[in-house]
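Reviewing the structure listed below.
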Amino acid sequence: MKSISFLLIKSTDFLRKLTYIFFALFILFVISLFTPSAQANTFKEFEINMNNWNEKIKIASDYLDKAEQSLKEGDEIQGCIKQRKAAEYGIDATNSLIKAFQERDPNYDMSDIETGLAKWKELRDFC
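This note's numbering numbers the first residue of the sequence shown as 18 and each following residue consecutively.
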């Protein structure tokens with residue numbers, strides 16, 4: 018009788034442990050279904066930053082064209098205002114580009130991009 022009760026206790030403990038293991042695995046499985054992978058989030062962030070770069074650099078370029086036109090017409094004040102706006106958009110765009118490259122490759126050499134950022138800041142501070 019003792020050996021049968023001992024086996025029942027042992028098998029009950031084993032089943033209880035097995036149940037906990039299956040429950041834990043089930044929870045992990047459910048979490049993995051509803052949690053996007055880190056790689057997908059990284060790609061999404063990269064895409065968002067690159068879209069921001071494309072939008073802002075186009076706006077910056079448009080403002081630079083308008084600033085050049087204002088300066089050619091002799092309106093230095095409007096030229097300066099538009100140049101500052103272009104620089105602000107250029108700085109924002111370049112910061113997005115830096116973030117995008119950092120997301121893609123944290124070891125990427127940013128020196129050229131940072132030089133471009135410095136030029137935008139110089140353009141902003143020139144007026």
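Note that CB positions come from ideal geometry on N, CA and C, so glycine has one too.
Cut-off 8 angstroms between Cβ atoms - residues of its own chain near residue i, not counting five sequence neighbours on either side
i      : result
ASN112 : LEU134
MET127 : ILE115, PHE118 and GLN119
TYR106 : LYS73, ILE74, ILE76, ALA77 and TYR80
GLU131 : ILE115
Whole-angstrom C-beta distance between residue j and residue i, which should lie under 8 angstroms
i      : j      : result
ILE108 : LYS138 : 6 angstroms
LEU140 : GLN100 : 6 angstroms
ALA110 : TRP70  : 5 angstroms
Extent of the continuous alpha helix (DSSP H) run through residue i
i      : result
ASP122 : Element bounds for ASP122: n/a, residue is neither H nor E.
* Asked: What beta strand (DSSP E) runs, 3 residues minimum, are completely inside the segment 53-102?
  -> Complete beta strand (DSSP E) runs here, min 3: none at all.
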